[in-house]
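Single-structure report; data block below.
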Amino acid sequence: MASNPPPPPPPPLPDRDEDRPPSGQNPNAQGRSRYAVWIALVSLIVVLAATMFIPGDSRETVDYADFIGRVEEGAVVEAEYDNTDGGITFTDTSGTEFSTVGPLPLPDDDIALIRTQTNKWKFVTPRPNFFTSLIPLLIPVTLLILFFV
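For what it's worth, our numbering labels the leading residue of the sequence shown as 678, then goes sequentially.
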């Protein structure tokens, strides 16, 4: 009886070290960081587009001296003074709204003149929206989550 030759050796196994990431790294980490970059870019584009398409202030801007002149003439019906930035918005007798920037603080003589010549005069201190005040706190936390996940 003739003996059969031994079977051929099996093909060599591929080198597994090339496919395996270094120890301690997640193999999907590269894909996740790629998505994080795209998410950040899309978010930035959305924010920029929103700021461009949101309508701005449609009031006509005048000088502070012009505002005081209109008050002296009795042409100002109502006015608001923003305590934080000195901004003044006012409405004249024709119903047109204007804005100007006054000095900080507003001189007492000007306050007395405005109070005697206008029907409505009020000081306003705007407060930020609750969600707007949360954004500076959420951005770092979100970036940390995107970086480590």
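Glycine residues also receive a C-beta, built at the ideal position from the N, C-alpha and C atoms.
- Would you call VAL719 buried or exposed, if buried means 16 or more other Cβ atoms sit within 10 Å of its Cβ? Translated into positions along the sequence shown, residue 719 becomes position 42. Taking all protein chains in view, the Cβ of VAL719 is surrounded by fewer than 16 other Cβ atoms within 10 Å, so the residue is classified as exposed.
- Message: Check this for me: beta carbons of THR777 and ILE765, under 8 Å apart or not?
- Response: Here residue 777 corresponds to residue number 100 of the sequence shown, with the count starting at 1. Here residue 765 corresponds to residue number 88 of the sequence shown, with the count starting at 1. Their beta carbons are under 8 Å apart, which means THR777 touches ILE765 by this criterion.
- Message: Nearest by alpha-carbon distance to ASP743: which of VAL714, GLY779, TYR758 and THR761 is it?
- Response: Your numbering for residue 743 matches position 66 in the sequence shown. For the residues VAL714, GLY779, TYR758 and THR761, the minimum Cα distance to ASP743 belongs to GLY779.
- Should VAL754 and THR793 be called a contact, given that it needs their Cβ atoms to be closer than 8 Å? Sequence index remark: in the sequence shown, residue 754 carries index 77 (1-based). Sequence index remark: in the sequence shown, residue 793 carries index 116 (1-based). Going by C-beta atoms, VAL754 is not nearer than 8 Å to THR793.
- Item | Boundaries (first-last residue) of the beta strand (DSSP E) holding SER776 | The residue given as residue 776 occupies position 99 in the sequence shown. First-last of the beta strand (DSSP E) with SER776: 774-778.
- Message: DSSP three-state label for VAL754, please.
- Response: Sequence index remark: in the sequence shown, residue 754 carries index 77 (1-based). Residue state, collapsed to three classes: strand.
- Contact belief for VAL801 with ASP759 at Cβ below 8 Å, rounded distance in angstroms: Position 124 of the sequence shown, counting from 1, holds the residue named residue 801. Position 82 of the sequence shown, counting from 1, holds the residue named residue 759. That pair is a contact at about 5 Å.
- Message: Beta-carbon within less than 7 Å of VAL723's beta-carbon, same chain only, minus the 5 sequence neighbours each way: which residues are those?
- Response: Position 46 of the sequence shown, counting from 1, holds the residue named residue 723. Hits under 7 Å: none found.
- Label ILE812 either buried or exposed according to how many other C-beta atoms from any shown protein chain fall within 10 Å of its C-beta, with 16 as the threshold for buried. Numbered from its first residue, the sequence shown carries residue 812 at position 135. Looking at its Cβ environment, which holds fewer than 16 other Cβ atoms inside 10 Å, ILE812 is exposed.
- Please state if the CB of PHE775 and the CB of GLU749 are separated by a distance shorter than 8 Å. Residue numbering aside, residue 749 sits at position 72 when the sequence shown is read from its first letter. Residue numbering aside, residue 775 sits at position 98 when the sequence shown is read from its first letter. No.
- Task: From the DSSP output, in three-state form, read off VAL801 for me.
- Result: To locate residue 801, count along the sequence shown from 1; it is residue 124. VAL801 falls in the strand class under three-state DSSP.
- Item | N- and C-terminal bounds of the alpha helix (DSSP H) containing THR793 | Numbered from its first residue, the sequence shown carries residue 793 at position 116. Per DSSP, THR793 belongs to the alpha helix (DSSP H) from 785-794.
- Task: Put GLY764 into one of helix, strand or coil per three-state DSSP.
- Result: For the purposes of this step, residue 764 is identified with residue 87 of the sequence shown, where counting begins at 1. Strand at GLY764.
- Query: Whole-angstrom Cβ separation of TRP798 and ALA756, contact assumed at under 8 Å?
  - Reply: The residue given as residue 798 occupies position 121 in the sequence shown. The residue given as residue 756 occupies position 79 in the sequence shown. With a Cβ gap of about 5 Å, TRP798 and ALA756 count as contacting.
- Item | DSSP three-state assignment for THR819, whether helix, strand or coil | Here the question's residue 819 lines up with position 142 in the sequence shown. Residue state, collapsed to three classes: helix.
- Kindly list the residues whose CB is nearer than 6 Å to the CB of LEU823, restricted to its own chain and excluding five residues on each side of it in sequence; keep chain order. Here residue 823 refers to the residue found at position 146 when the sequence shown is read from its first residue. Answer for LEU823: ALA713, listed in chain order.
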